[in-house]
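One structure is given below, encoded as structure tokens.
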Amino acid sequence: PPQTGELVALKKVPLRRPEDGVPPQTLREIKALREIEAHPHVIRLRAAFAQGPAVVLALELLVGDLGGLLRAAPAPLPPPRVRALLAMTLRGLGHVH
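Using the working numbering, the first residue of the sequence shown is number 125, and each one after it goes up by one.
This is the structure in structure tokens:
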């Protein structure tokens, strides 16, 4: 893969049976991520490559995740914050579907 100096998140998908090739669901995920146009609420695929008996997806690096954000937030979350988080999630979901 090209080296750009950009920090990325790596998702390693082990091949259970390398002799069978890349699983169809992994190929579908790569294809879908490549076809999705840039959107602020959808993570972007930077590269996909083979590494030993695995496929590695290089994804846009985000600081934190929704689960971590929710665990660190005061309970209960204020309704405006819940609405904002839900709106961002639904915008991203709407973009990919």
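Built from N, CA and C at the ideal position, the CB exists for glycine as well.
Residue i - containing alpha helix (DSSP H), residue span
i    : result
L193 : L190 to A196
V220 : P203 to V220
Beta-carbon separation (whole angstroms), residue i vs residue j, contact threshold 8 Å
i    : j    : result
A182 : A171 : 4 Å
V166 : H219 : 6 Å
P177 : P148 : Not quite, the Cβ-Cβ distance comes to about 17 Å (not below 8 Å), so this is no contact.
L169 : R158 : 6 Å
CB contact flag (residue i, residue j, <7 Å)
i    : j    : result
V187 : K136 : no
L131 : L185 : yes
Limits of the beta strand (DSSP E) - the one that residue i falls within
i    : result
V166 : Counting along the chain, V166 falls outside any beta strand (DSSP E), and DSSP gives it neither H nor E.
A180 : Looking at the sequence shown, residue 180 is not Ala but Val. Element bounds for V180: A178 to E184.
Heavy atom of the ligand GTP within 6 Å of residue i beta-carbon
i    : result
E143 : Of ligands this structure carries none, so the ligand GTP is not represented either.
- Query: Which whole runs of the beta strand (DSSP E) in the segment 126 to 160 are 3 residues long or more, in chain order?
  - Reply: 132 to 138
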